[in-house]
Amino acid sequence: MSRRARLAWVAGALVVLGAGGVAAVGLGGADPVPASAANLPPATAKVSATTLTRTERVTGTLTHGTATPVPVGAQGTVTWLPAPGAVIGRGQAVYEVDDRPVPLLFGATPAYRSLAPGATGGDVRQLEENLLALGYGGFTVDESYTAGTATAVRAWQQALGVPETGAVQATDVVVAGGEVRVAELKAQPGSRATGPVLTYTGTTRVVVVPLDVGKQHLVAEGVAATVGLPDGKSVQGTVASVGTVATSSPTQAGSTPTTTIDVVVSVADQGALGRLDSAPVDVLLVSERKEGVLTVPVGALVSLGEGKYGVQVVENGATRHVPVETGLFAAGQVEVAGEGIAEGVEVGVPR
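Each position in the sequence shown, counted from 1, maps to that position plus 122 in the working numbering.
So this is what it looks like as structure tokens:
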């Protein structure tokens with residue numbers, strides 16, 4: 123925080139102290155004034171060494187993440203679709219065209235070509251890894267599509283109830299990184315197989331925060347966050363990703379557009395989220411954290427004039443004002459440093 127911003131913060135905080143708390147007093151170094159009913163502060167507090175944390179409250183949305191469309195590759199009629207919210211695992215049908223299931227395979231490489239004996243590449247290894255996970259063997263998991271691979275594919279195709287060709291066309295499968303959750307249906311059974319048939323998301327719920335770009339310094343991957351749920355409960359989360367593309371939201375005429383980046387907060391304890399699939403939530407981000415700093419209540423600060431501040435030290439039946447440098451403000455406490463200021467020193471609280 124800059125000196126100008128800090129002084130403005132302190133000045134605003136001191137407004138609540140009343141005239142007695144902000145009255146100009148002599149600078150530190152003067153002889154101690156014996157404590158009496160006239161000059162004894164109404165309350166005191168001790169300087170403490172603690173961890174000071176400042177948080178920023180923002181709003182977000184509990185969701186399953188960004189939806190991915192599934193285009194129909196095969197020609198024909200859509201004959202079956204899963205229900206919205208359904209979770210689809212490896213080998214299970216994502217949809218059916220002309221009563222032929224199109225199963226889900228796990229992997230990072232999308233299906234983009236036909237695979238048959240003689241084919242080589244990483245997508246061949248990906249197919250073989252899926253076949254093995256589904257219980258089909260008789261081949262070596264490598265980057266070569268062999269006769270053993272084709273035999274396993276025929277057995278798989280027989281179980282699916284599709285023609286046993288021993289080859290896999292790009293339109294025969296859908297590839298995703300893991301289990302998927304059906305987000306929205308884009309077609310209906312009986313419709314022609316054109317365009318996307320559905321969209322899917324991951325199965326893990328996350329919180330997406332459209333964060334003002336002016337606040338992006340508050341977040342980084344791994345930063346802790348607290349998610350406040352609609353039922354009043356809270357759950358701990360962690361910043362999983364910080365977007366690098368800023369977008370401007372629509373505004374009313376004459377108003378300034380809001381430019382944001384998407385921040386994704388992951389929640390390890392999915393059970394703590396209850397049964398909610400989507401909901402508005404509050405998110406507390408830790409904007410600054412300092413460990414082992416000396417702090418006093420904000421109300422202990424007094425004005426020494428010329429934009430400077432101090433505290434009233436109460437010691438051995440006498441009081442004196444000691445100038446201090448202020449640091450982080452959080453939770454009604456302020457970080458202070460000054461000559462003779464140490465843990466356990468008693469200071470006056472004017473209010």
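Where is the CB? At the ideal position from N, CA and C, for every residue including glycine. This structure is a prediction, so every number in the text was calculated from the model and none was measured.
Item	Value
C-alpha distance - Gly414 paired with Arg247, whole-angstrom precision	53 Å
Residues sharing a beta bridge with Leu431, DSSP	Reading the sequence as shown, one finds Tyr at residue 431 and not Leu. In the DSSP output, where bridge partners are listed per residue, Tyr431 has Ser425 and Val446.
C-beta atoms of Gly470 and Ala422 nearer than 8 Å	yes
The beta strand (DSSP E) enclosing Val418, as first and last residue numbers	Ala401 to Pro419
Other residues of its chain near Gly270: CB distance less than 8 Å, five sequence neighbours each side excluded	Gly260, Phe261 and Thr262
Contact the region 162-181 vs the region 193-209: 3+ CB pairs below 8 Å	no
Thr382 - containing beta strand (DSSP E), residue span	Thr380 to Ser388
Proximity of Tyr217 and Val224 at Cβ, strictly below 8 Å	yes
Leu320 vs Val290 beta-carbon contact at 8 Å	no
Opening and closing residue of the alpha helix (DSSP H) in which Gly244 lies	Gly244 to Ala255
With 16 other Cβ atoms within 10 Å as the buried cut-off, status of Gly460	buried
Start-to-end residues for the beta strand (DSSP E) that takes in Ala274	Here Ala274 belongs to no beta strand (DSSP E); instead the alpha helix (DSSP H) covers Ala269 to Leu282.
Distance between beta carbons of Ala281 and Val335, contact taken as under 8 Å	Actually they do not touch by this definition, with Cβ atoms about 52 Å apart.
In chain order, each beta strand (DSSP E) run of at least 3 residues that lies wholly inside the region 288-335	296-298, 302-307, 318-323 and 328-334
Glu413 beta carbon near the ligand NAP (any heavy atom closer than 7 Å)	By its list of ligands, the structure shown contains no ligand whatsoever, and the ligand NAP lies outside what it can speak to.
Helix, strand or coil at Lys355 [DSSP, three-state]	coil
Cβ shell of Ala401 (< 6 Å), same chain only, five flanking positions each side left out	Leu184 and Pro352
Three CB pairs or more closer than 8 Å across the region 343-360 and the region 230-244	no
Assigned exposure category for Gly427 - 16 Cβ within 10 Å defines buried	exposed
Nearest-angstrom beta carbon gap, Thr323 and Ala305 [assumed within contact, 8 Å]	5 Å
Residue from Ala390, Asp391, Gly365 and Ala394 with nearest C-alpha to Thr381	Gly365
Sufficient close CB pairs (3 or more, under 8 Å) joining the region 435-442 to the region 378-393	no
Residue interval of the beta strand (DSSP E) (run including Ala233)	Run containing Ala233: none; DSSP gives neither H nor E here.
Of the listed residues Val209, Gly207, Leu227 and Ala274, nearest to Pro239 (C-alpha basis)	Ala274
Bridge partner(s) assigned by DSSP for Thr177	Val408
Check whether Gly466 and Val169 have beta carbons under 8 Å apart	yes
Own chain, CB closer than 6 Å to Thr188, minus 5 neighbours either side, in chain order	none
Nearest residue (CA-CA) to Arg212, options Gln310, Phe228 and Leu203	Phe228
Ala215 versus Asp399 - alpha carbon distance	23 Å
Presumed contact (8 Å Cβ cut-off) between Glu468 and Val436, rounded CB distance	5 Å
Nearest-angstrom beta carbon gap, Trp278 and Leu254 [assumed within contact, 8 Å]	In fact, because the Cβ distance is near 11 Å, the residues do not count as touching under 8 Å.
Distance, Pro472 Cα to Ala152 Cα	Confidence at Ala152 is low in this model, with a pLDDT of 48, below 50, so the placement of that residue is unreliable and no value is reported for it.
Simplified DSSP state of Val456, which is helix, strand or coil	strand
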